[in-house]
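Everything below concerns the one structure shown next.
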Amino acid sequence: MLTTLKIKNLALVDDLTWEPGSGLVCVTGETGAGKSMIVGALKLILGERANHDLIRRGETHCTVEAVFQLSNQDQVNQLLEDAGLDTCDGDSLVLKRSFSKNGNKQFINCCASTLSVLKSLGDLLIDLHGPHDHQSLLSRERQLAMLDEYSQLGQAAQTYRQTWREWQQALSNYQNLRDADRASEQELDLLRFQVDEINTAQLDVQEALDLDARYKLANNSSRLLEAAQVAGSQLKQTILPALSEVRRALRDLEQLDSSALELTSGYDSAHIELEELQQALLGYVENLDNDPESLRAMEQRIDLLETLRRKYGHNIEDVIAHGQKAAAKLASIDHRGDELQSLQTLAAKLEKKVSKQGQSLSKKRRNSAPLLAREISRHLKDLGFKQSQFEIQLEPVHSPELRGLEQADFVFAPNPGEPPKPLRVIASSGEMSRVMLAVKSALAEQDQIPLMVFDEIDANVGGEIAHAVGAKMASLGAAHQVIAITHLPPVAASAHCHYLVRKEFSKNSTRSTLNQVTADDRVAELARMLGGGSDSALAHAQTLLADKKN
Numbered sequence: 149m150l151t152t153l154k155i156k157n158l159a160l161v162d163d164l165t166w167e168p169g170s171g172l173v174c175v176t177g178e179t180g181a182g183k184s185m186i187v188g189a190l191k192l193i194l195g196e197r198a199n200h201d202l203i204r205r206g207e208t209h210c211t212v213e214a215v216f217q218l219s220n221q222d223q224v225n226q227l228l229e230d231a232g233l234d235t236c237d238g239d240s241l242v243l244k245r246s247f248s249k250n251g252n253k254q255f256i257n258c259c260a261s262t263l264s265v266l267k268s269l270g271d272l273l274i275d276l277h278g279p280h281d282h283q284s285l286l287s288r289e290r291q292l293a294m295l296d297e298y299s300q301l302g303q304a305a306q307t308y309r310q311t312w313r314e315w316q317q318a319l320s321n322y323q324n325l326r327d328a329d330r331a332s333e334q335e336l337d338l339l340r341f342q343v344d345e346i347n348t349a350q351l352d353v354q355e356a357l358d359l360d361a362r363y364k365l366a367n368n369s370s371r372l373l374e375a376a377q378v379a380g381s382q383l384k385q386t387i388l389p390a391l392s393e394v395r396r397a398l399r400d401l402e403q404l405d406s407s408a409l410e411l412t413s414g415y416d417s418a419h420i421e422l423e424e425l426q427q428a429l430l431g432y433v434e435n436l437d438n439d440p441e442s443l444r445a446m447e448q449r450i451d452l453l454e455t456l457r458r459k460y461g462h463n464i465e466d467v468i469a470h471g472q473k474a475a476a477k478l479a480s481i482d483h484r485g486d487e488l489q490s491l492q493t494l495a496a497k498l499e500k501k502v503s504k505q506g507q508s509l510s511k512k513r514r515n516s517a518p519l520l521a522r523e524i525s526r527h528l529k530d531l532g533f534k535q536s537q538f539e540i541q542l543e544p545v546h547s548p549e550l551r552g553l554e555q556a557d558f559v560f561a562p563n564p565g566e567p568p569k570p571l572r573v574i575a576s577s578g579e580m581s582r583v584m585l586a587v588k589s590a591l592a593e594q595d596q597i598p599l600m601v602f603d604e605i606d607a608n609v610g611g612e613i614a615h616a617v618g619a620k621m622a623s624l625g626a627a628h629q630v631i632a633i634t635h636l637p638p639v640a641a642s643a644h645c646h647y648l649v650r651k652e653f654s655k656n657s658t659r660s661t662l663n664q665v666t667a668d669d670r671v672a673e674l675a676r677m678l679g680g681g682s683d684s685a686l687a688h689a690q691t692l693l694a695d696k697k698n
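When we follow my numbering, the leftmost residue of the sequence shown carries the number 149, and every step to the right adds one.
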């Protein structure tokens with residue numbers, strides 16, 4: 149239910165916090181006092197367009213905040229989750245709308261949101277009925293949902309919708325693949341050429357790195373050979389023979405002065421290292437690749453790798469990845485027929501499942517529709533339509549839809565001899581309002597929308613019908629929170645809580661206030677509604693309250 153409504157700078161309201169309570173809550177007041185502020189604030193919460201003219205004179209912005217205690221928390225959380233918003237922590241939901249001439253903002257549990265999400269939440273939380281206002285009863289989808297709620301088909305309908313969505317997805321996948329641009333022969337030839345070219349090259353990342361190093365050596369082989377040969381020749385012909393003379397001189401030195409051993413101890417190791425260097429240079433020269441054919445082969449391999457890099461990527465890894473991608477695409481095109489067949493089979497299987505579930509749902513709906521129509525007709529008689537005709541028509545659709553194999557249409561003939569017409573084309577708002585009340589009464593136990601708002605739906609109603617309207621609203625208040633903006637004393641007397649809107653004047657401004665009336669204040673307000681503050685009006689008001697208590 150709506151636990152708190154905060155309004156700031158909306159029309160004649162400067163700052164109002166309202167905690168309406170449960171059951172039937174009536175709001176009354178003189179014409180022009182500002183009763184419409186409640187409906188206006190709730191419309192903003194429902195996501196309707198914000199009119200900047202509603203901002204209180206002298207102020208720059210307007211805010212409306214509503215706090216709900218949830219009874220349909222799972223539905224609300226699912227909607228929030230689908231919208232990418234945080235779900236409710238507990239059973240409270242806070243909606244806030246702020247607007248100024250510079251722009252609009254809306255928040256759900258303190259998270260910024262869009263108007264479309266706010267509207268979707270409004271459909272779950274508030275059913276506002278009044279002339280030209282938000283009326284779920286006129287929606288054929290909502291009418292079908294009402295029939296399902298009455299028939300306790302909620303789970304069956306949900307299962308059908310899930311299967312229908314799976315079928316539509318499978319059908320879409322099949323059609324998208326079937327209708328996709330066919331690969332041309334040129335594209336196929338190009339893919340095959342690319343795959344063959346890259347596979348034939350037998351690419352290896354390490355081989356490409358080693359090839360660059362080998363080519364640099366081979367390309368400089370003449371200079372390398374010359375340098376190695378000169379170094380080896382000098383060692384063999386000059387340095388190593390000279391070292392023999394050095395060895396003899398050192399031996400003489402050691403014999404003459406034993407302390408010179410420290411000076412000569414490193415000679416042997418140096419001589420051995422130079423001999424090993426000379427042998428290593430000899431082996432280096434023998435192994436050096438100075439074959440022109442080998443150099444040419446490396447150049448051809450490098451040219452191939454460069455060509456592939458220019459075509460398919462900056463490095464060999466990119467070239468290999470491109471080849472794999474081309475091969476996968478080629479395989480996908482080659483196997484499209486198999487995939488199409490698989491998707492077509494799945495879509496056909498799901499279509500049969502949808503048809504079976506839809507037929508079962510249709511049968512139950514057709515059995516329940518007359519029962520709900522009779523229940524609504526009973527409430528219509530209580531509301532003054534003694535000889536009216538109310539029916540629920542189920543019209544088959546050409547192909548299975550999200551809601552089933554049929555559409556519902558609530559049709560109504562208020563007077564005998566007239567053909568029933570769909571509710572959405574009924575002209576009289578007075579008749580429409582009472583039909584709405586009858587439908588809501590019939591569905592009171594099943595209806596999941598927690599808050600019902602009736603904005604002066606009792607216009608053009610009087611006498612015994614007014615008492616019946618009050619009784620119906622009070623009965624609805626046992627299962628829902630009902631807010632009624634009313635001019636009818638019997639309706640106001642039926643309320644569990646009664647609030648009075650007054651207009652207050654000061655030198656520079658006018659403001660509307662909203663306060664609960666009880667005891668003598670309530671009697672006085674009912675007397676005013678009955679025509680004045682005379683003793684007879686006061687007595688009548690007291691009688692109304694006493695009758696409602698009894």
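Beta carbons: idealized from backbone N, C-alpha and C, even for Gly.
Going straight from the alpha carbon of L266 to that of G177, what length do you get? Your numbering for residue 266 matches position 118 in the sequence shown. Your numbering for residue 177 matches position 29 in the sequence shown. Cα to Cα, L266 sits roughly 30 Å from G177.
Using a Cβ-Cβ cutoff of less than 6 Å, which residues in the same chain neighbour L509 once the five nearest sequence positions on both sides are dropped? By 1-based counting over the sequence shown, the position of residue 509 is 361. Result list for L509: A304, Y308 and G552, in chain order.
From L359, R395, T208 and A496, pick the residue whose C-alpha is nearest to that of A418; which is it? For the purposes of this step, residue 418 is taken as the residue at position 270 of the sequence shown. Cα-wise, what sits closest to A418 is R395.
Under three-state DSSP, which class holds R205? Here residue 205 corresponds to residue number 57 of the sequence shown, with the count starting at 1. Here DSSP, grouped into helix, strand and coil, assigns R205 to coil.
Where the beta strand (DSSP E) through M149 begins and ends: Here residue 149 refers to the residue found at position 1 when the sequence shown is read from its first residue. Per DSSP, M149 is not a residue of any beta strand (DSSP E), being assigned neither H nor E.
What's the gap between the Cα of E207 and the Cα of N157? Within the sequence shown, the letter at position 59 stands for residue 207. Within the sequence shown, the letter at position 9 stands for residue 157. If you draw a straight line from the Cα of E207 to the Cα of N157, it is about 7 Å long.
Per DSSP, which residues does M600 bridge with? Please list them. As a first step, residue 600 is located in the sequence shown; it is residue number 452 there, counting from the start. Paired residue(s): D275 and V630.
Thinking just about the alpha-carbon of each residue, which of K253, L383, E604 and A445 is nearest to the one in E421? As a working mapping, residue 421 is identified with position 273 in the sequence shown. Residue nearest to E421 within the set K253, L383, E604 and A445 is L383 (criterion: CA-CA distance).
Please specify which runs of the alpha helix (DSSP H), each continuous and at least 4 residues long, are wholly inside the segment 154-234, giving them in chain order. Considered as a whole, the segment 154-234 harbours 184-193 and 221-230 as its complete alpha helix (DSSP H) runs of no fewer than 4 residues, in chain order.
Reducing DSSP to helix, strand and coil, say where H282 ends up. For the purposes of this step, residue 282 is taken as residue 134 along the sequence shown, with counting starting at 1. Its pLDDT being 45, under 50, H282 is placed unreliably in this model, and the coordinates cannot settle the point.
Is it the case that the Cβ atoms of V545 and I464 are separated by a distance below 8 Å? Working through the sequence shown from its first residue, we reach residue 545 at position 397. Working through the sequence shown from its first residue, we reach residue 464 at position 316. Their beta carbons are not under 8 Å apart, which means V545 does not touch I464 by this criterion.
Residues of its chain near L192, where Cβ-Cβ distance is below 7 Å and the 5 sequence neighbours each way are ignored: In the sequence shown, the residue the question calls residue 192 occupies position 44. Hits under 7 Å: A198, V212 and R245.
So, helix, strand or coil for N250, using DSSP? Along the sequence shown, one-based indexing puts residue 250 at 102. Coil, per DSSP.
If I follow the unbroken alpha helix (DSSP H) through I524, where does it start and stop? Numbered from its first residue, the sequence shown carries residue 524 at position 376. First-last of the alpha helix (DSSP H) with I524: R484 to D530.
State the DSSP-derived secondary structure class of F341, mapped to helix, strand or coil. As a first step, residue 341 is located in the sequence shown; it is residue number 193 there, counting from the start. If DSSP states are grouped into helix, strand and coil, F341 belongs with the helices.
Tell me the rounded alpha-carbon separation between L172 and W315. Against the sequence shown, residue 172 aligns to sequence position 24. Against the sequence shown, residue 315 aligns to sequence position 167. Looking at the backbone, the Cα of L172 and that of W315 are separated by about 45 Å.
Range covered by the beta strand (DSSP E) that runs through R659: Against the sequence shown, residue 659 aligns to sequence position 511. In the DSSP assignment, R659 falls within the beta strand (DSSP E) that extends over T658 to Q664.
Selected residue, minimal CA-CA separation from A318, among E345, G180 and E487: Residue mapping note: residue 318 aligns to position 170 of the sequence shown, counting from 1. Checking every option, the nearest Cα to that of A318 belongs to E487.
Straight-line CA distance for N563 to Q537? Taking the sequence shown and counting its residues from 1, one reaches residue 563 at position 415. Taking the sequence shown and counting its residues from 1, one reaches residue 537 at position 389. Straight-line Cα distance between these residues: approximately 8 Å.
Please classify G506 as buried or exposed, where buried requires at least 16 other C-beta atoms within 10 Å of its C-beta. Translated into the one-based positions of the sequence shown, residue 506 becomes position 358. Here G506 is buried. Its C-beta has 16 or more other C-beta atoms within 10 Å.
Which one or two residues does DSSP pair with P570 in a beta bridge? On the sequence shown, residue 570 is found 422 positions in, with the first residue counted as 1. Bridge partners of P570: V559.
Could you compute how far the alpha carbon of K504 sits from the alpha carbon of Q226? To locate residue 504, count along the sequence shown from 1; it is residue 356. To locate residue 226, count along the sequence shown from 1; it is residue 78. Each residue's Cα considered, the two are about 27 Å apart.
Express the C-alpha separation of G270 and Q306 in angstroms, rounding to a whole number. The sequence position of residue 306 within the sequence shown is 158, counting from 1. The sequence position of residue 270 within the sequence shown is 122, counting from 1. In this structure, the CA atom of Q306 is about 21 Å from the CA atom of G270.
DSSP on R396, reduced to helix/strand/coil? For this step, residue 396 is matched to residue 248 along the sequence shown. Looking at R396 - three-state DSSP - the assignment turns out to be helix.
Rounded to the nearest angstrom, how far is the Cβ of E604 from that of H644, given a contact under 8 Å? Residue 604 sits at position 456 when you count from the first residue of the sequence shown. Residue 644 sits at position 496 when you count from the first residue of the sequence shown. About 19 Å separates the Cβ atoms of E604 and H644, ruling out a contact at the 8 Å cut-off.
What number of angstroms, rounded off, separates the C-alpha of L338 from the C-alpha of A479? Stepping through the sequence shown from its first residue, residue 338 is reached at position 190. Stepping through the sequence shown from its first residue, residue 479 is reached at position 331. The straight-line gap from Cα to Cα measures roughly 14 Å.
Go through its chain and collect everything with a Cβ distance to Y298's Cβ below 7 Å, but skip five positions before and after it. Counted from its first residue, the sequence shown places residue 298 at position 150. The beta carbon of Y298 lies closer than 7 Å to those of S516, L520, L591 and Q594 in the same chain, with the five residues before and after it left out.
Whole angstroms is fine: what's the gap from D281's alpha carbon to R582's? By one-based count along the sequence shown, residue 281 stands at place 133. By one-based count along the sequence shown, residue 582 stands at place 434. Its pLDDT being 47, under 50, D281 is placed unreliably by the model, and the measurement read from it follows with that caveat. Distance between the alpha carbons of D281 and R582: 15 Å.
In this structure, does DSSP put R309 in helix, strand or coil? Translated into positions along the sequence shown, residue 309 becomes position 161. Three-state result, R309: helix.
Excluding the 5 residues flanking A138 on each side, which residues of the same chain have their C-beta closer than 7 Å to its C-beta? It is not possible to answer for residue 138, since the shown part of the chain is limited to 149 through 698.
Please confirm whether M294 and S660 have their CB atoms less than 8 Å apart. Position 146 of the sequence shown, counted from the start, is the residue given in the question as residue 294. Position 512 of the sequence shown, counted from the start, is the residue given in the question as residue 660. Not in contact: M294 and S660 (Cβ atoms no closer than 8 Å).
Please report the distance separating the alpha-carbon of G182 from that of I540. In the sequence shown, counting from the first residue as 1, residue 182 sits at position 34. In the sequence shown, counting from the first residue as 1, residue 540 sits at position 392. G182 and I540: Cα-Cα distance of roughly 38 Å.
Mind checking C258: buried by the 16 CB within 10 Å criterion, or exposed? Residue 258 sits at position 110 when you count from the first residue of the sequence shown. Exposed, because fewer than 16 other Cβ atoms sit within 10 Å of the Cβ of C258.
Grab me the residues of V343's own chain with a C-beta within less than 8 Å of its C-beta, minus the 5 sequence neighbours each way, in chain order. Within the sequence shown, numbered from 1, the residue matching residue 343 stands at position 195. Excluding residues within five positions, the ones whose Cβ falls inside 8 Å are G471, A474, A475 and L478.
Would you mind sorting G485 into buried or exposed? The rule is 16 or more other CB atoms within 10 Å of its CB. Position 337 of the sequence shown, counted from the start, is the residue given in the question as residue 485. G485 comes out exposed.
Give a yes or no on whether the C-beta atoms belonging to L218 and C236 are separated by under 8 Å. If you number the sequence shown from 1, residue 218 lands on position 70. If you number the sequence shown from 1, residue 236 lands on position 88. In this structure, L218 places its C-beta atom within 8 Å of the C-beta atom of C236.
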